[in-house]
Amino acid sequence: MTSYSMVKVGNDYVVQVNDKCILKVGSRRKAAQLISEATDLLNALAPVQSPGIAPEAPSLAREVPELP
1 MTSYSMVKVG
11 NDYVVQVNDK
21 CILKVGSRRK
31 AAQLISEATD
41 LLNALAPVQS
51 PGIAPEAPSL
61 AREVPELP
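Numbering (full-length UniProt numbering), first residue to last: 1 to 68.
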């Protein structure tokens, strides 16, 4: 789960993701808009399904190298 926040630093606002500063903007409105857009984009992503467990045996048999 990703946590977004913004912190005022001087006259600017710093956008944070999971307590890591990633972007500095001049207005609170722009910071809020960027957080909203980022949240919408992440929510629009299709969930990734993990593949099943790989079989223990290889799908192809290994060839024996020929010696000259």
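Every residue, glycine too, gets a C-beta built ideally from N, C-alpha and C.
Presumed contact (8 Å Cβ cut-off) between residue i and residue j, rounded CB distance
i: residue 26; j: residue 12; result: 6 Å
i: residue 24; j: residue 17; result: That pair is no contact at about 13 Å.
i: residue 38; j: residue 4; result: 7 Å
When the options are compared against residue i, the one with the closest alpha-carbon
i: residue 20; options: 7, 57, 64; result: 7
i: residue 2; options: 35, 67, 28; result: 35
i: residue 28; options: 43, 9, 42, 44; result: 9
Beta-bridge pairing of residue i - partner residues as DSSP gives them
i: residue 59; result: Paired residue(s): none; residue 59 is not in a bridge.
i: residue 23; result: 15
i: residue 5; result: 16
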